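What follows is a set of notes on a single structure, which appears directly below.
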Amino acid sequence: MNDPLHVFFHPRGVAVLGASANPTKLSYGVIHNLVTHGYLGPIYPVNPKGGEILGLKVYPSLTDVPDPVDLAVIVLPAGQVAAALEECGRRGIRHAVLIASGFGELGAEGKEHEEQLRQIARQYGIRFIGPNCVGVLDTYTPIDTTFSRTMPGQGPIGLVSHSGAVCGGTMDWANVVGVGFSRIVSLGNQADIDMADALDSLSADPHTRVVAAYIEGLPDGRRFVEAARRLTARKPLVVLKAGRTPSGTRAVASHTGALAGADQAFLAACRRAGAIPVDSLEELVDAAIALAYRRPPAGPRMVILTNAGGPAAVGADHLDRHGLRLADLSPQTQARLREVCPPGTMTGNPVDMLGGPQADHYTAALRVLLDAPEVDGVLALFVPQAITPVYDVAVAVGRATETSEKPVVCCISGGGGIRAAARALHAHSVPHYLTPERAAFGLGALWKYARIRERPVPDPEPVEGMDRGRIAALLEGKSGVLSPQEGAEIAAACGLTVPPSGVAVSADEAAALAEGMGYPVVLKRVAPGLTHKSDAGGVVVGLKSADAVREAFARMVRAEERALVQKMAPAGVEVVVGAYRDPQFGPLVMFGLGGVYVEVLRDVAFRMAPLPRAEAREMIAETAAGRLLAGVRGQAARDIEAVVDALCRVGWLMEEFPQISEIDLNPLIVGERGAWAVDVRVVIR
Ligand code: ADP
Ligand code: MG
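With the sequence shown counted from 1, adding 147 to any position gets you the numbering used here.
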């Protein structure tokens, strides 16, 4: 794959526009970092005042700068950026980093200003990063166009972030603990180059083994998912997204709409993308170092090797949270452990060497454990005490595990006294954590990745028997919430199973319809604005004769109203299948337990639409409704494949008919063979 940001990391010359000799200015910081962080190409500070900065000649204008120059870092106030970008275009520079803030983040006027930058860029064929960013760096080229305080060492992690502060903070921390980075990309307002471009770039970069992404806004969530899918086919991706709380601005006219939120959409996007979502900056880094340093485990069986009981117990609890468990150590493995561990060692799991193990004990015990076929990974835990040098333990753990394919993470707790130990572990590619729960989280991230790699999400399969022409005709000229009969017709055209139904304006008409379709039937009141029919006593089920139908009609339906006569579906489990449109990620499909309590129980799963059958099966399995369908307490299993089919059809309907904003099948009645959509609500934008 081509790296769309190649020139940003490998320019044959860099011009810095707005260069200042004043060490308190950002532009001085940029030049300082270009010079001192190892960039070998020519650096051209540009400032009408001329002079010299850090021994470099300052050019009065861009036209005076000699070739080659591929990249411009523009460190001018917002008001001067457009003119500077235009100058770059005229000078033949096709790549720019725009540091200044004061654009889209300020609102409408700033957004217009950004649009102006885009126009200039289009005119000259320029690609630019920013505005409102701290720049980019590559530790292998090396090149550092940022004004950050420090440059991280070389390493396997690629970081891309909408926030410049997250980049700066992470770099500072990384330097202290000895974690290295391959590339750092600060996107800022991503007026041109966006998250998807950055992911493609990091995907192509051979030095990047894992990508950590901090995301604020995604104007085009689908584009992000496509790029993330390309990336995760090659390497792991960990994502932290800010702003995951429900937006509350979306019009909600269905069950699905009420249950959906920005968070559901983001998590569904991560699933489709094969990305690992995390909840905090700490988790972003914790997961990234585990994924960068170690291979994923072949299975979930972990061992905790420790010199203290309490932290081991906490670690064990947390392994469980991530779907991992303690391995059952065989008698042979336990016998070998007894040979090499201090006397009194408890050789069950956790393997507790008690208070006094030396570094050698860790080496020997780790070798035994990593050799054991019943072990898929190890959490080595050491609580510093007086008699064992903590640095030696770190080196011992590092050496013993360097050549093993199995993942090993290490928790050494403490403050300043363990810094050197932490650096030694990272240098040996053993992720270090300060607490057992974070170490367990690291292993958990590896396990998640193991399963993502094992089963990548396939592309959605096409469905047969969808009458697109008929659906289009049914939707023609409609808006708002469609009537139950219209909903049923759309569902039928979509290939879903819908019981026969018709609309009656009188008791006699209702009886005639019922005679035509056969008993038993259901009578439902139809009135504009009536969304929950049964709440208002508007649904009578199990009508077995024409007289019963007439009687129910007379009792329930008021003058000027109508009634839907519908054939009863066979008995079954009631589930809900729905879909809505997320403003960032597009259509999402929902599955859950049906009926009137769906909003209370929140037993629901979401996926991006359209979805492959595998994802449909997965979302069913995730919910309590899915377990009911599988059959509980002697009940027969229901037709889960019919639900899979309904989910896929609804997904395609949303994908192909963007005028549909929400749809609810509540309930879909799932029998032993087949599933019936008896109440279909469709909302047209
Ligand atoms: P609403 O959701 O507006 O109250 P529904 O059409 O969903 O109205 O009907 C309410 C309940 O009546 C359903 O959850 C289901 O239990 C039952 N029901 C409705 N239509 C049928 C049908 N055709 N066959 C069997 N049961 C039905
Ligand atoms: Mg209903």
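Glycine included, each C-beta is placed from N, C-alpha and C at the ideal position. Quick caveat, the model's predicted, so the values are computed rather than measured.
> Roughly how many whole angstroms lie between the Cα atoms of Ala638 and Val645?
Replying inline: Each residue's alpha carbon lies about 7 angstroms from the other.
> Curious, which full-length alpha helix (DSSP H) runs of at least 4 residues does the region 672-737 contain?
Replying inline: Within the region 672-737, complete alpha helix (DSSP H) segments of at least 4 residues are found at 693-703, given in chain order.
>> Tell me which residues pass a beta-carbon proximity test against the ligand MG: closer than 5 angstroms to any heavy atom, given in chain order.
In response: Taken from the N-terminal end onward, the list reads Asn813, Asp826.
>> Once the 5 residues before and after Gly395 are set aside, which same chain residues still bring their CB inside 6 angstroms of it?
In response: Note on Gly395: pLDDT 38, under 50, position unreliable in the model; the coordinate value appears next. For Gly395, where only same-chain residues beyond five positions count, there are no Cβ hits under 6 angstroms.
>> Can you tell me where the alpha helix (DSSP H) holding Gly663 begins and where it ends?
In response: Unbroken alpha helix (DSSP H) run through Gly663: 654-664.
>> Rounded to the nearest angstrom, what separates Val399 and Met500 at their Cα positions?
In response: Residue confidence for Val399 is low, a pLDDT of 43 falling below 50, so the modelled location carries little weight and cannot support an answer.
> How would you call Pro213, buried or exposed, if buried means at least 16 neighbouring beta carbons within 10 angstroms?
Replying inline: Burial call: exposed.
> So what's Asp347 in DSSP terms, helix, strand or just coil?
Replying inline: Asp347 falls in the helix class under three-state DSSP.
> Does DSSP classify Leu164 as helix, strand or coil?
Replying inline: Residue state, collapsed to three classes: strand.
> Taking 7 angstroms as the cut-off, is the CB of Val830 close to at least one heavy atom of the ligand ADP?
Replying inline: The ligand ADP has no heavy atom closer than 7 angstroms to the beta-carbon of Val830.
> In three-state DSSP terms, what is Cys488?
Replying inline: It is coil, neither helix nor strand.
> Whose C-alpha, out of Glu486, Val522, Thr293, is nearest the C-alpha of Asp507?
Replying inline: Comparing Cα-Cα distances from Asp507 to each of Glu486, Val522, Thr293, the minimum goes to Glu486.
>> On the criterion of 16 or more Cβ atoms from any shown chain inside 10 Å, does Val722 qualify as buried, or is it exposed?
In response: Burial call: buried.
> Within the chosen definition, does the region 805-824 reach the region 715-735 through at least 3 CB pairs nearer than 8 angstroms?
Replying inline: Result yes; three or more Cβ-Cβ pairs closer than 8 angstroms.
> Thinking just about the alpha-carbon of each residue, which of Asp464, Arg705, Leu438, His354 is nearest to the one in Val450?
Replying inline: For the residues Asp464, Arg705, Leu438, His354, the minimum Cα distance to Val450 belongs to Asp464.
>> Which of the three DSSP states is assigned to Gly395 in this structure?
In response: Here the model assigns Gly395 a pLDDT of 38, short of 50, so the residue's position is not dependable, and the following value carries that caveat. DSSP places Gly395 outside both helix and strand once states are collapsed to three, so it counts as coil.
>> Three or more C-beta pairs under 8 angstroms: does that hold for the region 674-684 against the region 746-762?
In response: Touching, no.
>> Given this structure, state the Cα-to-Cα distance separating Glu788 from Ala474, to the nearest angstrom.
In response: Cα-Cα distance, rounded: 35 angstroms.
>> Taking its Cβ as the centre, do 16 or more other Cβ atoms sit within 10 Å of Val747, making it buried, or is it exposed?
In response: By the 16-neighbour rule on beta-carbons within 10 angstroms, Val747 is exposed.
>> Relative to the C-alpha of Ala620, which candidate in Pro609, Ser630, Glu636 has its C-alpha closest?
In response: Restricting attention to Pro609, Ser630, Glu636, the CA atom closest to the CA of Ala620 is found in Glu636.
>> Give me the residue from Val544, Gly591, Arg585 with the minimum Cα distance to Arg570.
In response: Nearest C-alpha to Arg570 among Val544, Gly591, Arg585: Val544.
> In whole angstroms, what is the alpha-carbon distance linking Lys625 and Ile831?
Replying inline: Looking at the two C-alpha atoms, the distance is approximately 7 angstroms.
> With Arg448 and Val522 assumed to form a contact (beta carbons below 8 angstroms), what rounded beta-carbon distance in angstroms separates them?
Replying inline: That belief holds up - the Cβ atoms of Arg448 and Val522 are roughly 6 angstroms apart, short of 8 angstroms.
> To which residues of the same chain is Gly198 closer than 7 angstroms at the C-beta, ignoring the five residues directly before and after it?
Replying inline: The beta carbon of Gly198 sits closer than 7 angstroms to those of Ala168, Val205, all from its chain and outside the five residues before and after it, given in chain order.
> Hey, Leu203 and Pro192 are a contact pair by Cβ (cut 8 angstroms); roughly how many whole angstroms apart?
Replying inline: Rounded, the Cβ-Cβ distance is 6 angstroms, consistent with contact.
> Residue range of the alpha helix (DSSP H) that Ala569 falls in?
Replying inline: For Ala569, the enclosing alpha helix (DSSP H) covers residues 566-574.
>> Can you tell me whether Lys172 sits near the ligand ATP, meaning its C-beta is under 7 angstroms from at least one heavy atom of the ligand?
In response: The ligand ATP is not part of this structure, which contains only the ligand ADP and the ligand MG.
> How do the region 347-360 and the region 558-566 stand: do at least 3 beta-carbon pairs fall below 8 angstroms, yes or no?
Replying inline: The region 347-360 vs the region 558-566: no contact.
> Under the three-state reduction of DSSP, which class applies to Gln532: helix, strand or coil?
Replying inline: If DSSP states are grouped into helix, strand and coil, Gln532 belongs with coil.
> Can you find a heavy atom of the ligand ADP that lies under 7 angstroms from the Cβ of Val751?
Replying inline: For Val751, the shortest C-beta to heavy atom distance toward the ligand ADP is 7 angstroms or greater.
> Do Ala374 and Leu346 have their C-beta atoms within less than 8 angstroms of each other?
Replying inline: Their beta carbons are under 8 angstroms apart, which means Ala374 touches Leu346 by this criterion.
>> So, at 6 angstroms on beta carbons, what are the nonlocal neighbours of Arg397 in its own chain, with the 5 sequence-adjacent residues on each side left out?
In response: Because the pLDDT of Arg397 is 44, which lies under 50, any placement of that residue in the model is unreliable, and the question is left without a value.
> In the DSSP assignment, what residue or residues form a beta bridge with Asp291?
Replying inline: Under DSSP, the beta-bridge partners assigned to Asp291 are Leu284.
> Measuring CB to CB, does Arg159 end up less than 8 angstroms from Asp217?
Replying inline: Going by C-beta atoms, Arg159 is nearer than 8 angstroms to Asp217.
>> Pop quiz: Asp89 and Asp150 are said to be a contact at Cβ under 8 angstroms. What is the actual Cβ separation, rounded to whole angstroms?
In response: Nothing about residue 89 can be reported from this structure: the residues present for the chain run from 148 to 832 only.
> Going straight from the alpha carbon of Val827 to that of Asp467, what length do you get?
Replying inline: If you take the alpha carbons of Val827 and Asp467, they lie about 41 angstroms apart.
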